[in-house]
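Colleague: One structure, pasted below without further comment.
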Amino acid sequence: MNKKLIGSFIVGASLLAMPFATAFAATTQHTVAIKHAVWMRVGPHLYSRKISLEGAGARLKLDPGSTRYFWHVTDAHGQTGYVSRGAYYTKEVFAANTPASSSALSSSGIQVPYANTVDTVLPPGVTYQPSVRPLAPRNDTNQQKFDAILKVAKAQLGTPYVWGTSKDRGQDSFDCSNFTAYVYHHALGYKMSGASQTQYHKIGWPVAKSAMRPGDLLVFDHGGHVGIYIGNGRMIEEGGGLHKVGYLKVSPGSYWYKHLTVVKRMYE
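Residues 217 to 484, numbered by this note's numbering, are exactly what the sequence shown covers, in order.
Rendered as structure tokens:
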């Protein structure tokens with residue numbers, strides 16, 4: 217096998233044989249939690265040779281040398297390689313925080329999975345704008361991010377629906393997608409499109425309906441409507457038959473659940 221020098225690490229047979237303590241000599245403050253089983257590979261691409269299948273619940277040490285699409289990691293057996301950065305498979309977590317399976321209650325009593333983990337990767341279609349002074353900056357926990365989303369959204373309850381408008385443009389109303397863009401903008405500092413079709417096609421990480429959690433962007437009728445899930449089978453949204461910002465049911469069997477096209481994760 218040909219060896220590749222990556223930073224100060226060598227991926228090859230000799231590295232795979234290193235003892236656990238040696239492989240962890242250059243520790244970092246982060247780990248990668250495996251959410252669904254994923255292959256560790258020799259190189260940072262899908263056609264690279266497989267090393268081992270890392271199971272759900274495993275924690276891998278994050279090493280220098282990650283790419284845009286792959287984490288460079290070391291597992292509990294001292295094996296070093298690359299695993300997908302796809303949000304379905306993996307999640308970066310600060311080592312000092314609680315396990316990725318943890319959850320907590322928000323200030324409103326809503327349970328938020330991964331509440332104490334810290335996200336360091338922006339979702340697709342989003343840029344970060346710290347000048348807006350978001351309530352929950354990027355290094356805040358998921359719990360703080362959801363609380364910020366809920367606070368910003370609730371402050372707009374009753375705001376009338378007018379197509380093509382947004383308070384970010386000095387107007388006194390929203391349409392559905394400009395409302396969601398406004399909430400994520402002021403809560404998390406996200407700069408994103410206010411068009412529902414763009415939010416449908418390009419923004420956030422798609423996740424299964426069964427994985428829906430508070431803070432997720434909800435897209436209905438293939439981009440015809442959007443809202444934000446707040447837990448307990450409800451969303452907060454603009455319009456949707458209310459003609460204003462308000463709450464609607466999105467629990468299984470409800471009208472809006474039947475029309476739900478995709479759930480978008482907006483922070484990991």
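Using N, Cα and C, we set each Cβ at its ideal position, and we do this for glycine too.
Bear in mind the structure is a predicted one, so any value in this text is a computation, not a measurement.
With respect to the alpha helix (DSSP H) encompassing Ile-365, which residues constitute its N-terminal and C-terminal limits?
Modeller: Taking the first residue of the sequence shown as 1, we reach residue 365 at position 149. It spans 358-370 - the alpha helix (DSSP H) in which Ile-365 sits, taken as one unbroken run.
Colleague: Per DSSP, what are the beta-bridge partners of Tyr-298 in this structure?
Modeller: Here residue 298 corresponds to residue number 82 of the sequence shown, with the count starting at 1. DSSP lists Arg-257 and His-288 as partners of Tyr-298.
Colleague: Could you check whether Gly-294 and Cys-392 sit closer than 8 Å to each other, using their CB atoms as the reference points?
Modeller: Along the sequence shown, read from residue 1 onward, the residue named residue 392 stands at position 176. Along the sequence shown, read from residue 1 onward, the residue named residue 294 stands at position 78. Their beta carbons are not under 8 Å apart, which means Cys-392 does not touch Gly-294 by this criterion.
Colleague: What does the alpha-carbon distance come out to for the pair Ser-318 and Lys-251?
Modeller: Reading the sequence shown from its first residue, position 102 is the one you call residue 318. Reading the sequence shown from its first residue, position 35 is the one you call residue 251. Reliability fails at Ser-318, whose pLDDT of 40 lies under 50, so the model's placement of it is uncertain and the value that follows must be treated cautiously. Computed Cα separation, rounded: 13 Å.
Colleague: What are the partner residues of Ile-250, as DSSP defines its beta bridges?
Modeller: As a position in the sequence shown, residue 250 is number 34, starting the count at 1. Bridge partners of Ile-250: Thr-306.
Colleague: Smallest Cα separation from Gly-405: which of Gly-449, Tyr-463 and Thr-396?
Modeller: Taking the sequence shown and counting its residues from 1, one reaches residue 405 at position 189. Answer by Cα proximity: Thr-396.
Colleague: Gly-271 and Tyr-298 look like a contact to me (Cβ under 8 Å); what is the Cβ gap, rounded to whole Å?
Modeller: Looking up residue 271 in the sequence shown gives position 55. Looking up residue 298 in the sequence shown gives position 82. 17 Å between Cβ atoms; not a contact.
Colleague: Let me check you understand the geometry: is the CB of Val-309 closer than 7 Å to at least one non-hydrogen atom of the ligand NAD?
Modeller: For the ligand NAD, the structure offers nothing, since it holds no ligand at all.
Colleague: Would Pro-430 be called buried (16 or more neighbouring beta carbons within 10 Å of its own) or exposed?
Modeller: Locating residue 430 in the sequence shown gives position 214, counting from the first residue. By the neighbour-count rule (16 or more Cβ atoms within 10 Å), Pro-430 is buried.
Colleague: Answer with buried or exposed for Phe-236, where buried requires no fewer than 16 other C-beta atoms within 10 angstroms of its C-beta.
Modeller: Translated into the one-based positions of the sequence shown, residue 236 becomes position 20. Below a pLDDT of 50, predicted positions are generally treated as unreliable, and Phe-236, at 31, falls in that range; the measurement from the model is reported next regardless. The residue in question, Phe-236, is exposed, as its Cβ has fewer than 16 Cβ neighbours within 10 Å.
Colleague: Per the DSSP calculation, Met-482 is bridged to which residue(s)?
Modeller: Translated into the one-based positions of the sequence shown, residue 482 becomes position 266. Looking at the DSSP assignment, Met-482 forms no beta bridge with any residue, so it has no partner.
Colleague: In whole angstroms, give me the CA-to-CA distance for Glu-308 and Arg-284.
Modeller: Looking up residue 308 in the sequence shown gives position 92. Looking up residue 284 in the sequence shown gives position 68. Computed Cα separation, rounded: 13 Å.
Colleague: Comparing C-alpha positions only, which one of Gly-447, Ala-352, Thr-343 and His-441 sits nearest to His-475?
Modeller: Residue mapping note: residue 475 aligns to position 259 of the sequence shown, counting from 1. For His-475, the nearest C-alpha among the options comes from His-441.
Colleague: Which one or two residues does DSSP pair with Trp-421 in a beta bridge?
Modeller: If you number the sequence shown from 1, residue 421 lands on position 205. According to DSSP, Trp-421 bridges with Arg-481.
Colleague: Looking only at its chain, what residues have a beta carbon closer than 7 Å to the beta carbon of Ile-446, apart from the 5 residues adjacent to it on each side?
Modeller: As a working mapping, residue 446 is identified with position 230 in the sequence shown. Around Ile-446: Ile-326, Leu-366, Pro-430 and Ile-452.
Colleague: Helix, strand or coil: which one does DSSP assign to Leu-283?
Modeller: For the purposes of this step, residue 283 is taken as residue 67 along the sequence shown, with counting starting at 1. Correcting the residue type first, residue 283 is Thr in the shown sequence and not Leu. In this structure, Thr-283 counts as coil in the three-state DSSP scheme.
Colleague: Between the Cα of Gly-205 and those of Tyr-483, Gly-462, Lys-425 and Gly-457, spot the shortest distance and give me the residue it belongs to.
Modeller: Lying outside 217 to 484, the shown extent of the chain, residue 205 is not represented and no answer is given.
Colleague: Measuring CA to CA, which of Val-342, Thr-247, Ala-253 and Ala-303 is closest to Leu-276?
Modeller: In the sequence shown, residue 276 corresponds to position 60, counting from 1. If we check each option's Cα against that of Leu-276, Thr-247 comes out closest.
Colleague: Rounded to whole angstroms, what's the CA-CA distance from Tyr-398 to Ser-300? Just pull it up for me.
Modeller: For this step, residue 398 is matched to residue 182 along the sequence shown. For this step, residue 300 is matched to residue 84 along the sequence shown. So the two alpha carbons sit approximately 31 Å from each other.
Colleague: Is the CB-CB distance between Leu-464 and Gly-439 below 8 Å?
Modeller: By one-based count along the sequence shown, residue 464 stands at place 248. By one-based count along the sequence shown, residue 439 stands at place 223. No, they are not a contact pair.
Colleague: Is Pro-346 helix, strand or coil when you go by DSSP?
Modeller: By 1-based counting over the sequence shown, the position of residue 346 is 130. Of the three classes helix, strand and coil, the one that applies to Pro-346 here is helix, per DSSP.
Colleague: Select from Phe-362, Ala-371, Trp-379 and Gly-457 the residue whose C-alpha is nearest the C-alpha of Leu-433.
Modeller: Stepping through the sequence shown from its first residue, residue 433 is reached at position 217. Among Phe-362, Ala-371, Trp-379 and Gly-457, the Cα nearest to that of Leu-433 belongs to Phe-362.
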